[in-house]
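Worksheet: one structure, shown below.
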Amino acid sequence: MACADTCALVSCTECVEAKHRLEYEKLHGEGTFPRRAAVPCDLLIEACRRDGIWEPGKGPNVGAVLTKILQMGGVPATTTAPAPASCVLLPLRSWKRHRWNDEFDDGLSPERVAALLDGHGPCVGVLWVCPWYRHFDAGRDDALVYRGCGRGEDDRRESWRLYRHKGGVGSHAVVCVAYRFCREQMHVLVRDNHSAAANGPQRWVDVEELDTLYTLSVQRINPPMASGLSC
Numbered sequence: 002m003a004c005a006d007t008c009a010l011v012s013c014t015e016c017v018e019a020k021h022r023l024e025y026e027k028l029h030g031e032g033t034f035p036r037r038a039a040v041p042c043d044l045l046i047e048a049c050r051r052d053g054i055w056e057p058g059k060g061p062n063v064g065a066v067l068t069k070i071l072q073m074g075g076v077p078a079t080t081t082a083p084a085p086a087s088c089v090l091l092p093l094r095s096w097k098r099h100r101w102n103d104e105f106d107d108g109l110s111p112e113r114v115a116a117l118l119d120g121h122g123p124c125v126g127v128l129w130v131c132p133w134y135r136h137f138d139a140g141r142d143d144a145l146v147y148r149g150c151g152r153g154e155d156d157r158r159e160s161w162r163l164y165r166h167k168g169g170v171g172s173h174a175v176v177c178v179a180y181r182f183c184r185e186q187m188h189v190l191v192r193d194n195h196s197a198a199a200n201g202p203q204r205w206v207d208v209e210e211l212d213t214l215y216t217l218s219v220q221r222i223n224p225p226m227a228s229g230l231s232c
């Protein structure tokens, strides 16, 4: 699992592509978006490594990664058509961070998270994970919901002390794609990056496990796709 390594890089890259795919297919129809972001994105990894944003074994800050994508002009992507692959950039126009304790914008709440996903999704989310997080898979059991290992700072320090030797504990970035309300609970469906070939497993997590939500804005790229910025 990449919770302390490349999860922020992968989640940001995949979310930019997902936003472009959504905007493009609103106009041209489902399945018509002919680009796929490079995951892992070697250009982004190298740029973040060079600027000290990322180093192996230490997860980067999502905001710093999104800022680097802005500076680079976008996320490198290639064609999904059988023709020789060309590389264009999928631009990121802007991003915004949302937290529970934000004094402006009233902070996060279940209703606010739902509104952000409805109006600005998919989004990048950050949560604290423990070793058993990896066993949750909505594709196998849609009723299982990850509820963490304690939400306080003391709980997290203790989980780090107990489980760090096993790996899979720490702050982790994911792509948030959907939600559901179950009686008085709200669950958010997140897409992870454990298996790029399968778009990663999807997991239901309790909304209160999300520490931060990042909304992204992109400008729709219209055909021909070559009109996008070149890599």
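So the mapping is simple: our numbering equals the position in the sequence shown, first residue as 1, plus 1. Glycine included, C-beta positions come from ideal geometry on N, C-alpha and C.
key: Touching by the beta-carbon criterion (3+ pairs, under 8 Å), the stretch 102–117 and the stretch 134–149   = no
Closer than 7 Å by C-beta to Tyr164: which residues in its own chain qualify, once you throw out the five before and the five after it? Chain order, please.
-> Working through the sequence shown from its first residue, we reach residue 164 at position 163. So the qualifying residues of the chain are Cys131, Pro132 and Val170.
**OP:** Quick one: measure Cβ to Cβ for Leu10 and Leu67, integer angstroms, because I've assumed they're closer than 8 Å.
**Re:** Position 9 of the sequence shown, counting from 1, holds the residue named residue 10. Position 66 of the sequence shown, counting from 1, holds the residue named residue 67. Actually they are not in contact, since the Cβ atoms of Leu10 and Leu67 sit about 10 Å apart, beyond 8 Å.
* Bounding residues of the alpha helix (DSSP H) (the contiguous stretch that carries Pro111) -> To locate residue 111, count along the sequence shown from 1; it is residue 110. Its alpha helix (DSSP H) spans residues Pro111 to His121.
Please classify Glu112 as buried or exposed, where buried requires at least 16 neighbouring CB atoms within 10 angstroms.
The residue given as residue 112 occupies position 111 in the sequence shown. It is exposed - the Cβ of Glu112 has fewer than 16 other Cβ atoms within 10 Å.
Fill in: Host beta strand (DSSP E) of Gly126 (start-end)
One-based indexing of the sequence shown puts residue 126 at position 125. Note, Gly126: beta strand (DSSP E), Cys124 to Val130.
### Query
Using 8 Å as the Cβ pair cut-off and three pairs as the minimum, do the stretch 92–101 and the stretch 214–225 touch?
yes
Q.
Just verifying my parser: in three-state terms, what is the DSSP assignment at Gln220?
A. Residue mapping note: residue 220 aligns to position 219 of the sequence shown, counting from 1. In this structure, Gln220 counts as coil in the three-state DSSP scheme.
- Task: State the DSSP-derived secondary structure class of Val146, mapped to helix, strand or coil.
- Result: Numbered from its first residue, the sequence shown carries residue 146 at position 145. If DSSP states are grouped into helix, strand and coil, Val146 belongs with the strands.
query = Taking the runs of the beta strand (DSSP E) that are 3 residues or longer, which of them lie wholly in the stretch 154–210?
reply = 171–183, 186–192 and 203–207
_Under DSSP, the beta strand (DSSP E) around Lys59 begins and ends at which residues?_
Taking the sequence shown and counting its residues from 1, the one referred to as residue 59 is at position 58. Run containing Lys59: none; DSSP gives neither H nor E here.
Taking the straight line between their C-alpha atoms, what separation do you get for Lys59 and Thr14? Here residue 59 is taken as the residue at index 58 of the sequence shown, counted from 1. Here residue 14 is taken as the residue at index 13 of the sequence shown, counted from 1. So the two alpha carbons sit approximately 18 Å from each other.
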